[in-house]
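Undergrad: Here you go, one structure.
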Amino acid sequence: MNGDRTMEEDVGRTGNICVGGTFSPLHRGHIALLREAFMKGKRVLVGLTSDAMASRGRSRKVEPYSSRLRELRRVLDELSGETGVDYIIREINDRFAFALREEVDAIVASRETESTVDEIDEERKKKGLPPLRRYVIDMVMDQGGERISSSRVVKGEIDENGRKLQGSGSDAARDRICIHLGSKNPEKAGGVESAFRRYWPEVQVFQYELNTLRSGEGKGPVSGARERSRKVLERIGEDSLGNNDAIVGVESGTIEEEGVPMMVHCCHIIHRGKEGFGMGSAVEITDIMLDRMMVFRGRTWEFSDIMGGRTSLIESMSGGSLSRTQLVEEACRMALLSLS
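The sequence shown begins at 7 in my numbering and counts up by one.
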């Protein structure tokens, strides 16, 4: 089919572009993702998850590989016919799949999976490969402004085109929240998820790697938390947010009151056009803590974040009775209160 395209049509296209997923059931959001690949690449490499990978971490039932392959091929044939772009499908057993191959030049991802592209680029760097050119599409919304997803189709809330099904109530939508967290830190993710689960039974957390200043480099916890959430918002795009999306930034740092320095966590949340801040418990930075915070790097002594690391100084000094995850949860709960 490549021969059906003219040289003019190839101008501006990248070479081999990859896209992957489970595609069960295949819906309008998936088609938008696939169409972007056919519009941007000279050849499209599609990774379809194996049955084992598709069922991993999912509670809902997923259609067997053969059924998913048949439906996917039908859509790809239509897109290939429209664009004159060839494609290949491969069964994949991990999320990196095609993306670590030398011949792959670009990747298409949705806003909610863009953070995976950061991880892919890190792996490519280890192999001496250049980062992928990325094309990120906005999340496709239904008639009510909520994101179209396979799980919602399976639950019978909407059909594959995002139309509300007769008799489907709004309870399921109210019970679900999607968090976009400006950090890859697992302790932050755990604390934020725990806080949101107090209000939403179904919580999904997407984590984004950000280039931000640490609080000790000129930014306090309040401005640091806001910077993180703002950067996630810039990355996702305000128009891509649905009613069930929340953007969260968490930062630890020092505040001072009457000459007493204290370490604290701050959380900033953006949800449904509103913004809110919250702080967790603060602790005075004593001389003993200062001694433990000092670490020798190179030829100089520097401060180490007492809230950071897998086992923070706070956790160590409390004998494990207080963790960073708990402090993050507390800050997040306070921020949620400010939104109520």
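Just so it is clear, CB atoms sit at the ideal spot from N, CA and C, and this is done for glycine as well.
#1: How far does the alpha helix (DSSP H) with F212 in it reach, from first residue to last?
#2: Return the Cβ separation of V110 and N22 in integer angstroms, given the expectation that the two are a contact with Cβ distance under 8 Å.
#3: Short check: CB of L39 to CB of V25, under 8 Å?
#4: With a CB to CB cut of under 7 Å and the five nearest residues on each side skipped, what residues in its chain are close to S156?
#5: Ignoring anything shorter than 4 residues or poking outside the segment 113-168, list the alpha helix (DSSP H) runs there in chain order.
#6: How is K48 classed by DSSP in three states: helix, strand or coil?
#7: In this structure, does DSSP put S200 in helix, strand or coil?
#8: When the distance is taken between beta carbons, is V270 closer than 8 Å to I185?
#9: Within this structure, are the beta carbons of E336 and G286 separated by less than 8 Å?
#10: Could you tell me how far apart the beta carbons of L239 and I294 are, in whole angstroms, since I believe they sit closer than 8 Å?
#11: When DSSP labels each residue in this structure, what does V228 get in the three-state scheme?
#12: By alpha-carbon positions, which one of I291, V123, D100 ends up nearest to E263?
#13: Would you say the beta carbon of S65 comes nearer than 7 Å to a heavy atom of the ligand HEM?
#14: Name the two residues that bound the continuous alpha helix (DSSP H) containing D83.
#15: For W206 and L345, I'd like the C-alpha separation in whole angstroms.
#16: Would you mind sorting V123 into buried or exposed? The rule is 16 or more other CB atoms within 10 Å of its CB.
#17: Could you check whether the Cβ of R236 sits closer than 8 Å to any Cβ belonging to chain D?
#18: Can you name, in chain order, every residue of its own chain whose Cβ lies under 6 Å from the Cβ of R182, other than the five neighbours on each side?
#19: Between the segment 78-97 and the segment 35-49, are three or more C-beta pairs nearer than 8 Å?
#20: Which residue from P137, T331, S189, E163 puts its Cα closest to that of D148?
#21: For Y5, list the residues DSSP reports as bridge partners.
#22: Out of curiosity, what's the CA-to-CA distance linking S61 and Y71?
#23: For G279, is the classification buried or exposed, using 16 other Cβ atoms within 10 angstroms of its Cβ as the cut-off for buried?
#24: Does DSSP put R241 in a helix, a strand or coil?
#25: Run through the DSSP bridge pairs and tell me what V266 is partnered with.
#26: Considering only the beta carbon of each residue, do G248 and G230 sit closer than 8 Å?
#27: Rounding to the nearest angstrom, what Cα-Cα distance links L328 and T20 in this structure?
TA: With the structure as the only source:
#1: In the sequence shown, counting from the first residue as 1, residue 212 sits at position 206. For F212, no alpha helix (DSSP H) segment is defined; the enclosing uninterrupted segment is the beta strand (DSSP E) at 208-213.
#2: Working through the sequence shown from its first residue, we reach residue 110 at position 104. Working through the sequence shown from its first residue, we reach residue 22 at position 16. 5 Å between Cβ atoms; contact.
#3: Numbered from its first residue, the sequence shown carries residue 39 at position 33. Numbered from its first residue, the sequence shown carries residue 25 at position 19. Yes, the Cβ-Cβ distance between L39 and V25 is below 8 Å.
#4: What you label residue 156 is simply residue 150 of the sequence shown in a count that begins at 1. If we look at S156 and ignore the five residues flanking it on each side, its Cβ neighbours are S30, P31, H33.
#5: Runs of the alpha helix (DSSP H) spanning 4 or more residues and lying entirely within the segment 113-168 occur at 120-132, 156-160, in chain order.
#6: Taking the first residue of the sequence shown as 1, we reach residue 48 at position 42. In the three-state reduction of the DSSP assignment, K48 falls in the strand class, which pools E and B.
#7: Taking the sequence shown and counting its residues from 1, one reaches residue 200 at position 194. Looking at S200 - three-state DSSP - the assignment turns out to be helix.
#8: Numbered from 1 along the sequence shown, position 179 holds the residue referred to as residue 185. Numbered from 1 along the sequence shown, position 264 holds the residue referred to as residue 270. In this structure, I185 keeps its C-beta atom at 8 Å or more from the C-beta atom of V270.
#9: Counting from one through the sequence shown, the residue named residue 336 turns up at place 330. Counting from one through the sequence shown, the residue named residue 286 turns up at place 280. Taking 8 Å as the Cβ cut-off, E336 and G286 qualify as a contacting pair.
#10: Residue mapping note: residue 239 aligns to position 233 of the sequence shown, counting from 1. Residue mapping note: residue 294 aligns to position 288 of the sequence shown, counting from 1. Between I294 and L239 the Cβ distance is about 40 Å, and since that is not below 8 Å, they are no contact.
#11: Within the sequence shown, residue 228 is the residue found at index 222, counting from 1. In this structure, DSSP gives V228 a helical state, which the three-state scheme calls helix.
#12: Looking up residue 263 in the sequence shown gives position 257. Ranking I291, V123, D100 by Cα distance to E263 puts I291 first.
#13: No copy of the ligand HEM occurs in the structure displayed, which carries no ligand at all.
#14: Here residue 83 corresponds to residue number 77 of the sequence shown, with the count starting at 1. 71-89 is the extent of the alpha helix (DSSP H) around D83.
#15: Locating residue 206 in the sequence shown gives position 200, counting from the first residue. Locating residue 345 in the sequence shown gives position 339, counting from the first residue. Straight-line Cα distance between these residues: approximately 15 Å.
#16: Looking up residue 123 in the sequence shown gives position 117. The residue in question, V123, is buried, as its Cβ has 16 or more Cβ neighbours within 10 Å.
#17: Given the protein chain composition of this structure (a single chain), no chain D is represented.
#18: Residue numbering aside, residue 182 sits at position 176 when the sequence shown is read from its first letter. The residues are E208, N250.
#19: They touch, by the three-pair rule.
#20: As a working mapping, residue 148 is identified with position 142 in the sequence shown. For the set P137, T331, S189, E163, the Cα lying nearest the Cα of D148 is the one of E163.
#21: The question about residue 5 has no answer, for the chain in this structure spans 7 to 346.
#22: Against the sequence shown, residue 61 aligns to sequence position 55. Against the sequence shown, residue 71 aligns to sequence position 65. Cα to Cα, S61 sits roughly 11 Å from Y71.
#23: What you label residue 279 is simply residue 273 of the sequence shown in a count that begins at 1. Using a 10 angstroms sphere on the CB of G279, the tally of other CB atoms stays under 16, which defines it as exposed.
#24: Residue mapping note: residue 241 aligns to position 235 of the sequence shown, counting from 1. Helix at R241.
#25: As a first step, residue 266 must be located in the sequence shown, where it is residue number 260. V266 is bridged to E263.
#26: To locate residue 248, count along the sequence shown from 1; it is residue 242. To locate residue 230, count along the sequence shown from 1; it is residue 224. No, the pair does not count as a contact, with Cβ atoms beyond the cut-off.
#27: Here residue 328 is taken as the residue at index 322 of the sequence shown, counted from 1. Here residue 20 is taken as the residue at index 14 of the sequence shown, counted from 1. Whole-angstrom Cα-Cα distance: 51 Å.
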